[in-house]
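**Q** Sharing a structure, written as structure tokens. Questions coming.
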Amino acid sequence: MNTDWSAFLAARGTPGANGDTATDCTRYDLSHLGLIAVQGADADGFLQGQLTNDIRTLSATQCQLTAHCSPKGRMLDLFLALRLPAGIGLQLPRERVAPALKRLGLYVLRSKVTLVDHSDGPVRIGLAGTGAPRELERRGLPVPEGDFAAVAADGVTVARLPGTAPRFELIAECARQIDLWDALAPVCAWGDADDWARLDLRAGIPSVYTATSEAFVPQMANLQLLNGVSFTKGCYTGQEVVARMQYLGTLKRRMYWAEVQTQTPPQPGDALESPASTSEQGAGRVVDARRSGEGRYELLAVVEIAAAETGEVRLGADGPQLKLQAPPDGFLAAAG
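Taking this note's numbering, the leading residue of the sequence shown gets 2, the next gets one more, and so forth.
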């Protein structure tokens, strides 16, 4: 974490314990997320040959989800890509920064590209709730329209993220964010990292962690339904496998939102079982999970479609049954 930002937050208390009153707007410290800066004259061309999305559509007004795949078409990492003053930013879980830098670095060769761990560079905060647009406007900041739209103004990049209520990520230098955080404090509650991740789950946005790296082809995690895969951009690492699944194969697994009651917190990569599954790989795996109440968890899970349709999918062989449904925005219904 940026040391100045860390010291500032420490002086302000902790989420939910500093006297905040719940409102229609919540602010979040996003320091739990890592950031890679891709810099240099060949940055665009380099990423175009590595990531699933079309880097040509990435602009100051449009961010995107995009994955880095293995030659076998399995997602090594999943990024939120944005254009920032320091270069192209690739945001991902912090635990994946070092492995991603190493893997991407294998392909740099003679390209004029520099890959930098920028996690402790610009400070990132989240803003969510029905009142979030109002609070942006009160601070003289733009309100991007449409999912993954972005606007930079007054030293702040504002990106709009999918959600059941308006949700934004704000990226700026530490001094600017300190001013914003204090200005928002009287009118916005303070949420924690789990709260923010749960908003991702409810929006059907997956994450890739070390436990699930190389576990899923992009379509299994609904990435094509989140506009995270381009099928017209040309070659990239793993492209043949991803394209073959799209045009020739039958998608047998896809991602679902689920609830489960258990006293043992589900973890990314946990195995799912179903009597309807005949696969040696099992019925599926947990993508991510967060606590939503006492003994209750929300999760995203990649599940065999045939097993999901039977209605009996369990967390482990003898574990609790999952209540599965399509993510709220209807991505699975859109898949047909």
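Glycine residues also receive a C-beta, built at the ideal position from the N, C-alpha and C atoms.
Just verifying my parser: in three-state terms, what is the DSSP assignment at threonine 27?
**A** The answer is strand: DSSP assigns threonine 27 an E or B state.
**Q** Ignoring anything shorter than 3 residues or poking outside the region 31-63, list the beta strand (DSSP E) runs there in chain order.
**A** List check, beta strand (DSSP E) in window: 34-40.
**Q** Would you mind stating whether alanine 302 and arginine 286 have Cβ atoms separated by less than 8 Å?
**A** A contact, by the Cβ cut-off of 8 Å.
**Q** Since valine 209 contacts aspartate 78 with CB under 8 Å, what's their CB separation in whole angstroms?
**A** The pair is a contact, with the Cβ atoms about 5 Å apart (cut-off 8 Å).
**Q** Verify whether the separation of the beta carbon atoms of alanine 244 and glycine 317 is less than 8 Å.
**A** No. Outside cutoff.
**Q** Suppose contacts are defined by Cβ-Cβ distances below 8 Å. Is alanine 154 in contact with leucine 142 by that definition?
**A** Contact: yes.
**Q** Using 10 angstroms around the beta-carbon of leucine 110, count the other beta-carbons present and answer buried if the total reaches 16, otherwise exposed.
**A** Burial call: exposed.
**Q** Going by Cα to Cα distance, which pick from Gly270, Leu181, Ala290 and Gln282 is closest to aspartate 195?
**A** Considering only alpha carbons, the answer is Ala290.
**Q** Can you find the residues in the same chain that come closer than 7 Å, C-beta to C-beta, to glycine 337, ignoring five residues on each side of it along the sequence?
**A** For glycine 337, the pLDDT reaches just 32, beneath the cut-off of 50, and the residue's location in the model is therefore unreliable, although a value from the coordinates is still provided. Hits under 7 Å: none found.
**Q** Which class does alanine 151 belong to by DSSP, given the choice of helix, strand or coil?
**A** Strand.
**Q** Could you say if the region 240-256 and the region 106-126 meet the contact criterion of at least three C-beta pairs nearer than 8 Å?
**A** With the cut-off at 8 Å, the region 240-256 and the region 106-126 do not touch.
**Q** Along the chain, where does the alpha helix (DSSP H) that runs through proline 187 open and close?
**A** Unbroken run through proline 187: none, as it is neither H nor E.
**Q** Which value, in whole angstroms, describes the spacing of the CA atoms of glutamate 215 and serine 71?
**A** Going by the C-alpha atoms only, they are around 7 Å apart.
**Q** According to DSSP, is tyrosine 248 part of a helix, a strand, or is it coil?
**A** Residue state, collapsed to three classes: helix.
**Q** If you draw a straight line from the alpha carbon of glycine 17 to that of tryptophan 191, how long is it in whole angstroms?
**A** One C-alpha to the other measures close to 6 Å.
**Q** Quick check on this structure: which residue in Glu96, Arg95 and Asp118 has the alpha carbon closest to the alpha carbon of glycine 408?
**A** Since the displayed the chain opens at 2 and closes at 337, residue 408 lies outside it and no answer follows.
**Q** Can you give me the Cβ contacts of glycine 270 inside the same chain, cut-off strictly under 8 Å, excluding the 5 residues immediately before and after it?
**A** The residues are Tyr210, Ala212, Thr213, Ala216, Arg286 and Val287.
**Q** How would you write the range of the beta strand (DSSP E) that isoleucine 172 sits in, first residue to last?
**A** Looking at the DSSP string, the run of the beta strand (DSSP E) that includes isoleucine 172 is 168-173.
**Q** Given leucine 52, which residues of its chain have a CB within under 8 Å of its CB, disregarding the five upstream and five downstream residues?
**A** Counting only Cβ-Cβ distances below 8 Å, and skipping sequence neighbours, we find Thr67, Ala68, His69, Phe80, Ala82 and Tyr237.
**Q** From the DSSP output, read off the bridge partner residues of glycine 88.
**A** According to DSSP, which records beta bridges pairwise, glycine 88 is partnered with Leu85.
**Q** If contacts are defined as beta-carbon pairs under 8 Å, then serine 278 and alanine 284 qualify, I think. What distance do you get, rounded to the angstrom?
**A** Correct: roughly 4 Å between the Cβ atoms.
**Q** Using the DSSP secondary-structure output, state which residues sit across from cysteine 70 in a beta bridge.
**A** Answer is Met76.
**Q** Suppose the cutoff is 7 Å on Cβ atoms and the five residues either side in sequence are ignored; what does the same chain contact list for valine 144 look like?
**A** Result list for valine 144: Pro134, Leu137 and Glu138, in chain order.
**Q** Within 10 angstroms of the Cβ of proline 163, are there 16 or more other Cβ atoms? Answer buried if so, exposed if not.
**A** Buried, since its Cβ has 16 or more Cβ neighbours within 10 Å.
**Q** Going residue by residue through the region 203-269, where are the continuous beta strand (DSSP E) segments of at least 3 residues, counting only ones entirely within it?
**A** Listed in chain order, they are 254-262.
**Q** Leaving out the 5 sequence neighbours to the left and right, which residues in its chain are closer than 8 Å to threonine 131 when beta-carbon positions are compared?
**A** Here the set comprises Asp25, Cys26, Ala166 and Pro167.
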